[in-house]
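Chemist:
Put into structure tokens, the structure is as follows:
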């Protein structure tokens, strides 16, 4: 059998992943470590089923990192990114700066030229975006303080790669290799002047932002109109590949370019479709990347210099870990979260391979140093999941990890009903009980695991799951149901669901909860006709009870409540379109004065002062259209 055959190689990689990843997950090691072990087993160290093509695969599999950052960008609206600026610039900047200075200073004590020491410092300062984010996400830690701060540092590091690439040629002390270098050095830009290169780089970034805002959405809308899922998937992949090619041609990080595109498209109506279509490819390519990292470890070199290489791995991870712990303390991370933060980012990253290759091409570092550093980078990445596991199983239990994402899997939905209620808190619960009491069956969905468990004990059949996902809605029978009630607590989730339902289930009638009039404004602007303010009816009921206690007749009070409600519903539709604060305040005052005049006029209407509504004679008159006898 030809070992170089494409099908044989595919068989080897997939077999290794299918065997090792479930095994690693079962014994609690995590999928990342499973992929790394798979790479070690099929690599030159053991079975030797792959050779030099493993290094070629690394470049291909790095596309998984690119896709991952695109998906991360889709989750981050520009406003949220701006809110993270302190941790991105402050925490991330200090980590890179301090680590670089320390490594440079240590290299000086070993009589390494300062240029090489500085280059090593910048390379070592970088951590692995792929391994850290995948591992933290797998363990449900991305939305914790440690997860958010880790992401901020990694984002700054990815951005910092660009000035590092520009700065490295200035550190060259050796004869550079001929034949072109990495990244932008082998592109058409190499022959351009410095200011032209800068101008083209800025133009490329602007092109991504402009396209994301004004071109991509209309094009995706046209593609979506075909109603062919595979074409939309192809369009999503084309978008990522096109940005990758553009960034590569101008010498920038493709991962950074796709991240920027993701941020720009975070408010797009097609955000969720892009996420769901790209996610499977990202997962597969990231798996290949981790396998390639495991296979790339030069165990022969490690066996030749075990003390040096393993000692440097330990020293580098210790230094980075201490720096991170100190910075985490300065940025007020709780101790248990700080430990996660320090252990997670202590390794070197995939961009280290890029910078080491670039250093060789530019004559910054000698080849023997680069060979050792490549092994150190790979080993530090490979042991990271194990280090995080040690922290999780041995160290963390002593302190407790109080922040944790919900790790519960979605329930399997085994019924289809004409009504779906998303969110079964106090608002949805009341609706559900009323419908059930009247013989109407509904499917109940909720994302609060504690609430789901409690309601099940009370006899309600509630399914756990994120109702904003169109696949879960489809499983709940949204394509066959008639009505869906959005009773979720989170306004963002409600708006997200409205967007999803409109695209995937256009025949489904939407009734949506609003906590107050400001929620109602946003929901109405999203095209909702049936908006129910949960505080309105209750407030009016309190008001009517007060008037009754003050001596007003029930019929009069309820008539005035209906007038008030009708006027308020008409008013809110008019106020919803007003964006200017001053104009809103002026209009609101006018409407308040208007309703007060209407009710005042109603109270003093001579024909209504002595109304006999709801008494026997009036009820007969209402029913027959004739005066009561």
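In this note's numbering, the protein residues as written are 1 to 629. We put the CB at the ideal spot given by N, CA and C, even for glycine. Keep in mind the model is a prediction, meaning the values are calculated, not measured.
Return the Cβ separation of residue 112 and residue 156 in integer angstroms, given the expectation that the two are a contact with Cβ distance under 8 Å.
Modeler: In the chain shown, residue 112 corresponds to position 112, counting from 1. In the chain shown, residue 156 corresponds to position 156, counting from 1. Wrong, their Cβ atoms sit about 26 Å apart, outside the cutoff.
Chemist: In whole angstroms, what separates the C-alpha of residue 146 from that of residue 548?
Modeler: Indexing the chain shown from 1 puts residue 146 at position 146. Indexing the chain shown from 1 puts residue 548 at position 548. Those two C-alpha atoms are separated by around 56 Å.
Chemist: Between which two residues does the beta strand (DSSP E) containing residue 444 stretch?
Modeler: Sequence index remark: in the chain shown, residue 444 carries index 444 (1-based). Start and end: 442–446.
Chemist: Can at least three beta-carbon pairs, one atom from the stretch 501–517 and one from the stretch 440–454, be found at a separation below 8 Å?
Modeler: No, the stretch 501–517 does not touch the stretch 440–454.
Chemist: Opposite residue 422 in the DSSP bridges: which residues?
Modeler: As a working mapping, residue 422 is identified with position 422 in the chain shown. In the DSSP output, where bridge partners are listed per residue, residue 422 has 445, 486.
Chemist: State the Cα-Cα distance for the pair residue 93 and residue 66, rounded to the nearest angstrom.
Modeler: Residue numbering aside, residue 93 sits at position 93 when the chain shown is read from its first letter. Residue numbering aside, residue 66 sits at position 66 when the chain shown is read from its first letter. Rounded to whole angstroms, residue 93 to residue 66 spans 22 Å at the Cα level.
Chemist: Out of 16, 195, 340, which one is the CA nearest neighbour of residue 284?
Modeler: For this step, residue 284 is matched to residue 284 along the chain shown. The option with the nearest alpha carbon to residue 284 is 16.
Chemist: Quick one: is residue 222 buried, meaning 16 or more other Cβ sit within 10 Å of its Cβ, or exposed?
Modeler: Position 222 of the chain shown, counting from 1, holds the residue named residue 222. Residue 222 should be labelled exposed.
Chemist: Give a yes or no on contact between the stretch 386–400 and the stretch 460–480, applying the rule of three or more CB pairs nearer than 8 Å.
Modeler: Touching, no, given that fewer than three Cβ pairs across the two stretches are closer than 8 Å.
Chemist: Do you know how far the Cα of residue 202 is from the Cα of residue 372?
Modeler: Within the chain shown, the letter at position 372 stands for residue 372. Within the chain shown, the letter at position 202 stands for residue 202. Cα to Cα, residue 372 sits roughly 36 Å from residue 202.
Chemist: Looking at the structure shown, is residue 214 part of a helix, part of a strand, or coil, going by DSSP?
Modeler: Walking along the chain shown from the start, residue 214 turns up at place 214. Three-state DSSP puts residue 214 in a helix.
Chemist: Does the Cβ of residue 184 have 16 or more other Cβ atoms within 10 Å, making it buried, or fewer, making it exposed?
Modeler: Within the chain shown, the letter at position 184 stands for residue 184. At residue 184, the pLDDT of 42 sits below 50, so the modelled position is not reliable; the number obtained from the coordinates is stated separately. Per the 10 Å Cβ criterion, buried.
Chemist: Could you check what DSSP says for residue 12 in three-state terms: helix, strand or coil?
Modeler: Translated into the one-based positions of the chain shown, residue 12 becomes position 12. Here residue 12 sits in helix by DSSP.
Chemist: What span of residues does the alpha helix (DSSP H) with residue 552 cover, start to end?
Modeler: What you label residue 552 is simply residue 552 of the chain shown in a count that begins at 1. No alpha helix (DSSP H) holds residue 552; DSSP gives it neither H nor E.
Chemist: Compare the Cα-Cα distances from residue 515 to each of 273, 418, 492, 227 and report the closest residue.
Modeler: Numbered from 1 along the chain shown, position 515 holds the residue referred to as residue 515. Answer by Cα proximity: 492.
Chemist: Could you say which of 49, 385, 559 lies nearest to residue 347 if we only look at CA atoms?
Modeler: The residue given as residue 347 occupies position 347 in the chain shown. Residue 385 is the option with its Cα nearest to residue 347.
Chemist: Classify residue 181 as helix, strand or coil using the three-state DSSP reduction.
Modeler: Here residue 181 corresponds to residue number 181 of the chain shown, with the count starting at 1. Any reading at residue 181 needs caution, since the residue's pLDDT is 40, under 50, leaving its predicted position unreliable; the model's value is listed next. Three-state result, residue 181: coil.
Chemist: Is the beta carbon of residue 333 less than 8 Å from the beta carbon of residue 153?
Modeler: Counting from 1 along the chain shown, the entry for residue 333 is found at position 333. Counting from 1 along the chain shown, the entry for residue 153 is found at position 153. No; because the gap between Cβ atoms is not below 8 Å, this pair is not in contact.
Chemist: When you compare each of 7, 120, 34 to residue 22 by their alpha carbons, which one comes out closest?
Modeler: Translated into positions along the chain shown, residue 22 becomes position 22. The residue with the shortest Cα to Cα distance from residue 22 is 34.
Chemist: Please report how far the alpha carbon of residue 204 lies from the alpha carbon of residue 247, in whole angstroms.
Modeler: Against the chain shown, residue 204 aligns to sequence position 204. Against the chain shown, residue 247 aligns to sequence position 247. About 7 Å.
Chemist: Does the beta-carbon of residue 356 have 16 or more other beta-carbons within 10 angstroms, so that it is buried, or is it exposed?
Modeler: Your numbering for residue 356 matches position 356 in the chain shown. Buried.
Chemist: Starting from residue 231, follow the alpha helix (DSSP H) in both directions and report where the run begins and ends.
Modeler: The residue you call residue 231 lines up with position 231 of the chain shown. Note, residue 231: alpha helix (DSSP H), 229–249.
Chemist: Do residue 130 and residue 350 have their C-beta atoms within less than 8 Å of each other?
Modeler: Looking up residue 130 in the chain shown gives position 130. Looking up residue 350 in the chain shown gives position 350. Yes, the Cβ-Cβ distance between residue 130 and residue 350 is below 8 Å.
Chemist: Can you give the Cα-Cα distance for residue 325 and residue 331, rounded to whole angstroms?
Modeler: One-based indexing of the chain shown puts residue 325 at position 325. One-based indexing of the chain shown puts residue 331 at position 331. Near 10 Å, if we compare the C-alpha coordinates of residue 331 and residue 325.
Chemist: Let me know the secondary structure DSSP gives residue 84 once reduced to three states.
Modeler: Taking the chain shown and counting its residues from 1, one reaches residue 84 at position 84. Looking at residue 84 - three-state DSSP - the assignment turns out to be coil, as it is neither helix nor strand.
Chemist: Identify which residue in 72, 460, 425, 556 has its Cα closest to the Cα of residue 282.
Modeler: Reading the chain shown from its first residue, position 282 is the one you call residue 282. Checked all of 72, 460, 425, 556; the closest Cα to residue 282 is 72.
Chemist: For residue 164, I'd like the list of residues in its chain whose CB is within less than 7 Å of its CB, leaving aside the five on either flank, ordered along the chain.
Modeler: Reading the chain shown from its first residue, position 164 is the one you call residue 164. So the qualifying residues of the chain are 122, 355.
Chemist: Tell whether a beta-carbon distance below 8 Å holds between residue 212 and residue 265.
Modeler: Residue numbering aside, residue 212 sits at position 212 when the chain shown is read from its first letter. Residue numbering aside, residue 265 sits at position 265 when the chain shown is read from its first letter. It is a contact, given that the beta carbons lie within the stated cut-off.
Chemist: For residue 578, which three-state DSSP category applies?
Modeler: Along the chain shown, read from residue 1 onward, the residue named residue 578 stands at position 578. Note: residue 578 maps to coil in three-state DSSP.
Chemist: Here's a check: name, in chain order, each residue in its chain whose Cβ is nearer than 6 Å to the Cβ of residue 277, leaving out the five neighbours to either side.
Modeler: In the chain shown, counting from the first residue as 1, residue 277 sits at position 277. Excluding residues within five positions, the ones whose Cβ falls inside 6 Å are 233, 236.
Chemist: Terminal residues of the continuous beta strand (DSSP E) containing residue 511?
Modeler: Position 511 of the chain shown, counting from 1, holds the residue named residue 511. Counting along the chain, the beta strand (DSSP E) containing residue 511 begins and ends at 509–514.
Chemist: Does the distance from the C-beta atom of residue 313 to that of residue 376 stay below 8 Å?
Modeler: Walking along the chain shown from the start, residue 313 turns up at place 313. Walking along the chain shown from the start, residue 376 turns up at place 376. Yes.
Chemist: Would you mind stating whether residue 498 and residue 478 have Cβ atoms separated by less than 8 Å?
Modeler: To locate residue 498, count along the chain shown from 1; it is residue 498. To locate residue 478, count along the chain shown from 1; it is residue 478. No. Outside cutoff.
Chemist: Does DSSP put residue 279 in a helix, in a strand, or in coil?
Modeler: Counting from 1 along the chain shown, the entry for residue 279 is found at position 279. If DSSP states are grouped into helix, strand and coil, residue 279 belongs with the helices.
Chemist: Within 10 Å of its beta-carbon, does residue 338 have 16 or more other beta-carbons around it, so buried, or fewer, so exposed?
Modeler: Looking up residue 338 in the chain shown gives position 338. Under this definition residue 338 is a buried residue.
Chemist: Bridge partners of residue 533, per DSSP?
Modeler: Taking the chain shown and counting its residues from 1, the one referred to as residue 533 is at position 533. In DSSP, residue 533 forms a bridge with 514.
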